[in-house]
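Residue numbering for the sequence shown follows the UniProt record's numbering, beginning at 1 and increasing consecutively. Built from N, CA and C at the ideal position, the CB exists for glycine as well. One structure is given below, encoded as structure tokens.
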Amino acid sequence: MNDTTARSEQYRGFTISVTPQKDNDDLWDFTYHLQRAAGAEGEAKDIERSRTLGGYATPETACVAGLEVAKTEVDNLLRP
1 MNDTTARSEQ
11 YRGFTISVTP
21 QKDNDDLWDF
31 TYHLQRAAGA
41 EGEAKDIERS
51 RTLGGYATPE
61 TACVAGLEVA
71 KTEVDNLLRP
């Protein structure tokens with residue numbers, strides 16, 4: 001995996017895409033994007049976030065962390 005390779009996963013009706021990004025001190029962080037198809041309300045849900053804390057040793061580790069953070073956000077969005 002290189003710094004421009006995104007990793008995608010389906011989770012609870014959302015597509016999560018995580019892209020590792022080189023940060024300070026040769027460490028890795030991530031940007032994630034959540035997308036959900038248009039639902040009953042007629043509009044798509046599209047959210048993008050970046051994380052600038054943490055600093056991971058490899059892009060793979062940054063992707064795994066990004067997926068976990070994004071899944072937590074999806075869980076919070078779906079909470080009644």
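Figure out for me which residue from the options has the closest Cα to the Cα of residue i.
{"i": "K71", "options": "R7, Q35, A6 and I16", "result": "I16"}
{"i": "L27", "options": "A6, A57, V18 and P20", "result": "A57"}
{"i": "N76", "options": "A62, D25, L34 and P59", "result": "L34"}
{"i": "N24", "options": "G55, T61 and E60", "result": "G55"}
Give a yes or no on whether the C-beta atoms belonging to residue i and residue j are separated by under 8 Å.
{"i": "G66", "j": "Y32", "result": "yes"}
Looking only at its own chain, which residues have a Cβ that is under 7 Å from the Cβ of residue i, when we skip the five neighbours before and after it?
{"i": "G13", "result": "R36"}
{"i": "L78", "result": "R12"}
Secondary structure at residue i, three-state DSSP: helix, strand or coil?
{"i": "P20", "result": "strand"}
{"i": "T58", "result": "coil"}
{"i": "D3", "result": "Because D3 sits at a pLDDT of 47, beneath the cut-off of 50, its placement in the model cannot be relied upon, and the following sentence gives the value as read from the coordinates. Coil."}
Beta-carbon within less than 6 Å of residue i's beta-carbon, same chain only, minus the 5 sequence neighbours each way: which residues are those?
{"i": "R49", "result": "Y32"}
{"i": "T19", "result": "A6 and T31"}
{"i": "I47", "result": "L34"}
By Cβ distance, which residues of its chain are closer than 8 Å to residue i, with the 5 residues on each side in sequence left out?
{"i": "T61", "result": "W28"}
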